[in-house]
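Undergrad: According to the UniProt record's numbering, the sequence shown is numbered sequentially starting from 1.
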Amino acid sequence: MLNDGTKMVFITAGMGGGTGTGAAPVIARIAKEMDILTVGIVTIPFIFEGEKKIIQALDGVERIAQHVDALLVINNERLREIYSDLTFMNAFGKADDTLSIAAKSIAEIITMRGTVNLDFADVKTILKDGGVAIMSTGFGEGESRVTKAIDDALHSPLLNNNDIFNAKKVMLNVSFCDKSELMMEEMNEIHEFMSKFREGVEVIWGVAMDNSLDMKVKITVLATGFGMEDVPGMDSVLQKRSQEEEERQMLLEEEKEKNKERIRKAYGESANSIGSKNFRKRRHIYLFSAEDLDNDDIISIVEESPTYLRDKTTLSKIKNKAIADEEQQIQETTEESGVITF
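#1: Let me confirm a value: residue 113 is counted as buried when at least 16 other C-beta atoms fall within 10 Å, else exposed. Which label applies?
#2: With C-beta atoms as the reference, is residue 80 less than 9 angstroms away from residue 70?
#3: So, under 8 angstroms CB-CB, residue 216 and residue 108 are touching, yes? Tell me the CB distance rounded to an integer number of Å.
#4: With respect to the alpha helix (DSSP H) encompassing residue 20, which residues constitute its N-terminal and C-terminal limits?
#5: Please go through the same chain and pick out, in chain order, the residues whose beta-carbon is closer than 7 angstroms to the beta-carbon of residue 126, but skip the five residues on each side of it.
#6: So, helix, strand or coil for residue 279, using DSSP?
#7: Name the DSSP beta bridge partners of residue 116, please?
#8: Given 8 angstroms as the limit, is there contact between the region 53 to 70 and the region 16 to 35, that is, 3 or more CB pairs closer than that?
#9: Can you have a look at residue 73 and say buried or exposed, based on whether 16 or more other CB atoms are within 10 angstroms of its CB?
#10: To which residues does DSSP link residue 136 through a beta bridge?
#11: Return helix, strand or coil for residue 76, following the three-state DSSP convention.
#12: For residue 202, which residues from the same chain have a beta carbon less than 6 angstroms from its beta carbon, with the 5 sequence-adjacent residues on both sides left out?
#13: Sort out for me which residues DSSP pairs residue 13 with in a bridge.
#14: Would you tell me roughly how many angstroms separate the C-alpha atoms of residue 341 and residue 296, rounded to the nearest one?
#15: In or out: residue 148 buried (at least 16 other Cβ within 10 Å) or exposed?
#16: Between residue 138 and residue 152, is the Cβ-Cβ spacing less than 9 angstroms?
#17: Using the Cα positions of residue 166 and residue 136, report the straight-line distance between them to the nearest angstrom.
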């Protein structure tokens, strides 16, 4: 299914159950391995759904985060806070709507032609290896409509109480109707908003016409570069995991010391050699020449030292003997060559 030239994949799932929590990370891994831009958009449960489901959901978030370029996490509890007047059933419907709106907003950035155009390459720059991402869309109308749109976006459930101004990469898209074009004066409101981001943030921005807006202006913000600790509820889970790992390591060390003590009691001082690393000795190679093999003294040294006991010292002794015999032979040859026999 993904072999048809697909460049980008959205994986949406509700974390905390069986299907989404289990399948989403697997699908994400396959897509990422195919070098497809992979974006996860997941929800985590309402508080009233219970601790067990929440922990399972956060575990699922951790797993899928390892296999996506960017991950948007929608906290259903934020929906309850923002839309407190909704019915119980409508609250769940709103969670699904928020999921689809997030995916649709990213897709619109790519497909909508703009005066200052944003395309797939721009979106990929922001999302590729972006980590935890946040995205929001806001609308404003009337006086200071840009500021109103920004404020509306900042109160979105998609932000999860995250401080958007800590982002490392930001995409900002401004849309308006041709009947109510953006004024240069209104750009000051955008400048004021962008000046709040930390120094060094990478910014890509665009401007597009959308005649369905009438007198409204729409601001879409996509920000990446957040860590897992920025996912709501994840900080306490990570802290708990770290504490559990420390306790596990301490128990392992205690068990190891107990076992060592048991061995010492049974074997005494001999137990000290147990567990020591047996490093493989380096082989020392000596190549025998034809003269060496014809030298009785060298053959005698070899026969007196078994193979497993031959070390560097033994081989040096053989080598020195061979050199000494060779030097003596040369000396005798020289002396003989200087004698004239009549």
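Think of the CB as a built atom: it goes at the ideal place given N, C-alpha and C, for glycine as much as any other residue.
TA: Taking the coordinates as given:
#1: Here residue 113 corresponds to residue number 113 of the sequence shown, with the count starting at 1. Residue 113 should be labelled exposed.
#2: As a first step, residue 80 must be located in the sequence shown, where it is residue number 80. As a first step, residue 70 must be located in the sequence shown, where it is residue number 70. The answer is no: Cβ separation not under 9 angstroms.
#3: Counting from 1 along the sequence shown, the entry for residue 216 is found at position 216. Counting from 1 along the sequence shown, the entry for residue 108 is found at position 108. Not quite, the Cβ-Cβ distance comes to about 15 angstroms (not below 8 angstroms), so this is no contact.
#4: Locating residue 20 in the sequence shown gives position 20, where the first residue counts as 1. Counting along the chain, the alpha helix (DSSP H) containing residue 20 begins and ends at 19 to 33.
#5: For this step, residue 126 is matched to residue 126 along the sequence shown. Excluding residues within five positions, the ones whose Cβ falls inside 7 angstroms are 169, 171, 204, 222 and 224.
#6: Within the sequence shown, the letter at position 279 stands for residue 279. Note that residue 279 has pLDDT 45, beneath the 50 cutoff, so the model's placement of it is unreliable and the number below is only indicative. Here residue 279 sits in coil by DSSP.
#7: Locating residue 116 in the sequence shown gives position 116, where the first residue counts as 1. Partner(s): 207.
#8: At 8 angstroms Cβ cutoff, the stretches touch.
#9: Start at 1 with the first residue of the sequence shown, and residue 73 comes out as number 73. The residue in question, residue 73, is buried, as its Cβ has 16 or more Cβ neighbours within 10 Å.
#10: As a first step, residue 136 must be located in the sequence shown, where it is residue number 136. According to DSSP, residue 136 bridges with 221.
#11: Along the sequence shown, read from residue 1 onward, the residue named residue 76 stands at position 76. For residue 76, the secondary structure class from DSSP, reduced to helix, strand or coil, is helix.
#12: Stepping through the sequence shown from its first residue, residue 202 is reached at position 202. Shown here for residue 202: same chain residues with a beta carbon closer than 6 angstroms to its own, the five before and five after excluded, namely 169 in chain order.
#13: Counted from its first residue, the sequence shown places residue 13 at position 13. Its beta-bridge partners are 42.
#14: As a working note, residue 341 is residue 341 in the sequence shown. As a working note, residue 296 is residue 296 in the sequence shown. Residue confidence is low: residue 341 scores 40 on pLDDT, short of 50, so the model does not pin down where it sits. Its coordinate-derived value is still stated next. Taking the straight line from one Cα to the other gives about 31 angstroms.
#15: Within the sequence shown, the letter at position 148 stands for residue 148. When all chains shown are included, residue 148 counts as buried.
#16: Numbered from 1 along the sequence shown, position 138 holds the residue referred to as residue 138. Numbered from 1 along the sequence shown, position 152 holds the residue referred to as residue 152. Yes.
#17: Reading the sequence shown from its first residue, position 166 is the one you call residue 166. Reading the sequence shown from its first residue, position 136 is the one you call residue 136. Between residue 166 and residue 136, the C-alpha separation is close to 15 angstroms.
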